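Chains as they are written, first to last, in this note's numbering: chain A, 397 to 619; chain B, 397 to 619.
Written below as structure tokens is the structure these notes are about.
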DNA sequence: ACAAAAGTGTTAAGAATACACCCATGT
DNA sequence: ACATGGGTGTATTCTTAACACTTTTGT
């Protein structure tokens, strides 16, 4: 109604994957001010003709070379008000949480540097992006406990040890091997494939598969 | 950057309280098109000089006479893209979830009709507001199970039966009285005040109080 | 033969569920 | 005296938590 101006709408993405059993987040180096050369979450303005989801998809490719369909899951996380330190005026930022595996960012026309950083060793980021990543990590912790979302961090075929490592990386705690297996197998989310992972100087490990590669809510919470 | 136009930013509120042990939601009747005379969630445009939270606060008073400090809790729920049926073009709506008790909406300059409706008997609402309320109710169900948020629905002094009724209204299921009491008292969130609720033609009921009237996360989930 | 990760079971404590009767008051 | 909601305990099942040794492979 009338002539009210509303804030600018931005989108930002917190994209997680595991690298060497560490939860890691995709960052891109800013090409301009404000915060030129600082690392930041991939994001940008949401143009009027795109939904925030669509804008996120496009911007992610443009800035990091990562396509949303490489992700196991992407969902809205939270909307933050007024980007701190943004000299270009009031804004809201709709933040998405994405989870994937084996993602390799590429240099693009607009951004020459993008890479994954362990959440344990983040540099000081642009805007309030450190805070946003902490929030996303908390949400992910909760989510692996009451859904099967861990699938998004794992390859199609995986060993129980890989599964446990993924949980441990997200939850930042060590779990008991026997109890972990008993409990997780009891959820009925995965099945053994009959194949084995050979390779190390040790006994081969059964390879498992998720029954469904879509988000499911668990009746009994996990951990 | 540059000359990109972004969508309009709206805020909307889903304000719950109990009325006759039914979970009810605050609606206001639209004074203009689109959807003139339809019931709708209180909401409006977020002007550039206000955060979405601040805009929510102001708009809630303007449209329904309800002040945010009458609510036990208010928090961001979700951001919906492009208000369906909004002829005024693309928009995002940042939706807040509020919970209170003993709230009486008042007619205001801009809106003559505001009232609570049981979520079980909602009329057909403007935009996608029915869908948003369903989503908010789901979230509330989850939230009463892993936080103490139920306090926001109850008076300061309350009986265990009132507490159980509140859970039952939110969860839409019947709980066992003895198990409910054992479990809830075991959480250590409330304490008896020594006072009693006299009145009915029956044994007086102990009155309890929450230890803290602020959101707490439970170690063991509830129900 | 040794190193390295895979795999496997039992016991004890705590939590969840199912279930029925007496108590204190108002009328 | 009776109607109404308040208040209480036990037995069973299921879940969680703690804990250590054997197996299979590569070198």
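Even glycine gets a Cβ: it sits at the ideal position worked out from N, Cα and C.
Fair warning: this is a prediction, and the values are worked out from it, not measured in the lab.
- Message: DSSP has residue 514/A in a bridge; who is on the other side?
- Response: 420/A
- Query: DSSP three-state call for residue 533/A: helix, strand or coil?
  - Reply: helix
- What residues are listed by DSSP as bridge partners for residue 413/B? 420/B
- Query: With distances taken from CA atoms, which of 404/B, 541/B and 562/B is nearest residue 551/B?
  - Reply: 562/B
- Task: Have a look at the DSSP bridge pairing and note the partners of residue 487/A.
- Result: Note: residue 487/A is bridge-paired with 404/A in the DSSP secondary-structure output.
- In terms of residue numbering, what span does the beta strand (DSSP E) encompassing residue 592/A cover? 586-593
- Which residues, in chain order, does the region 482-498 of chain B contribute to contact with chain A at a C-beta distance below 9 Å? 484, 485, 486, 487, 488 and 490
- Item | Contact under 8 Å by Cβ, residue 571/B with residue 560/B | yes
- Message: For residue 490/A and residue 472/A, which I take to be in contact (beta-carbon distance under 8 Å), what is that distance rounded to the nearest angstrom?
- Response: 7 Å
- Query: With burial defined as no fewer than 16 other Cβ atoms inside 10 Å of the residue's Cβ, what is the status of residue 598/B: buried or exposed?
  - Reply: Around the beta-carbon of residue 598/B, fewer than 16 other beta-carbon atoms lie within 10 Å, marking it exposed.
- Query: In chain order, what residues of the same chain lie with their CB nearer than 8 Å to the CB of residue 512/A, ignoring the 5 residues before and after it?
  - Reply: Contacts found: 413, 415, 420, 421, 422, 423, 499 and 501.
- Task: Go through its chain and collect everything with a Cβ distance to residue 591/B's Cβ below 6 Å, but skip five positions before and after it.
- Result: So the list reads 603, once near-sequence residues are dropped.
- Looking at C-alpha atoms only, which residue of 400/B, 399/B and 404/B is the closest neighbour of residue 401/A? Considering only 400/B, 399/B and 404/B, the residue with the shortest C-alpha distance to residue 401/A is 404/B.
- Anything in the region 404-424 of chain A with a Cβ closer than 7 Å to a Cβ of chain B? List those residues in chain order, please. 404 and 405
- Using alpha carbons as the reference points, say which of 595/B, 589/B and 426/B lies closest to residue 503/B. It is 426/B whose Cα lies nearest to the Cα of residue 503/B.
- Message: Taking CB distances under 8 Å as the criterion, tell me whether residue 441/B reaches chain A.
- Response: yes
- Task: For residue 468/A, name the three-state secondary structure that DSSP assigns.
- Result: strand
- Message: Rounding to the nearest angstrom, what Cα-Cα distance links residue 581/A and residue 410/A in this structure?
- Response: 30 Å
- Would you check if the distance between the CB atom of residue 611/A and the CB atom of residue 583/A is smaller than 8 Å? no
- Message: Whole angstroms are fine: how far does the CA of residue 506/B sit from the CA of residue 397/A?
- Response: Summary for residue 397/A: the model assigns pLDDT 49, below 50, so the residue's position carries little reliability; its value from the coordinates is reported in the next sentence. Approximately 13 Å between the Cα atoms of the pair.
- Task: Could you run through the region 596-617 of chain B and flag, in chain order, every residue whose CB is less than 8 Å away from some CB of chain A?
- Result: Under the 8 Å Cβ criterion, the region 596-617 of chain B contributes 617.
- Query: Closer than 7 Å: is that where the CB of residue 484/B sits relative to any heavy atom of the ligand ZN?
  - Reply: Annotation note on the ligand ZN: not contained in the displayed structure, which lists no ligands.
- Query: So, does the CB of residue 343/A fall closer than 8 Å to a CB anywhere in chain B?
  - Reply: Not covered by the structure: residue 343/A. The range shown for chain A is 397 to 619.
- Item | chain A contact for residue 530/B (CB, 8 Å cutoff) | no
- Spatial neighbours of residue 526/A in its chain, beta-carbon cut-off 8 Å, leaving aside the 5 residues before and after: 518 and 520
- Under the three-state reduction of DSSP, which class applies to residue 397/A: helix, strand or coil? Note that residue 397/A scores 49 on pLDDT, short of 50, meaning its location in the model is unreliable and no value can be drawn from it.
- Task: Please confirm if residue 505/A has its CB atom under 8 Å from at least one CB of chain B.
- Result: No, no contact with chain B.
- Message: Quick check: what's the CA-CA separation for residue 475/A versus residue 440/A?
- Response: 14 Å
- Item | Separation of residue 546/B from residue 564/B, as counted between CA atoms | 11 Å
- Any beta-carbon of chain A closer than 8 Å to the one on residue 400/B? yes
- Sequence-distant residues of the same chain with beta carbon closer than 8 Å to residue 542/B, five excluded per side: 613, 614, 617 and 618
- Message: Which runs of the beta strand (DSSP E) at least 3 residues long sit entirely within the region 422-460 of chain A? Give them in chain order.
- Response: 439-441
- Could you give the C-beta distance for residue 470/B and residue 437/B, rounded to a whole number, given that I count them as a contact under 8 Å? In fact, because the Cβ distance is near 14 Å, the residues do not count as touching under 8 Å.
- Would a C-beta distance cut-off of 8 Å place residue 443/B and residue 483/B closer than the cut-off? Going by C-beta atoms, residue 443/B is not nearer than 8 Å to residue 483/B.
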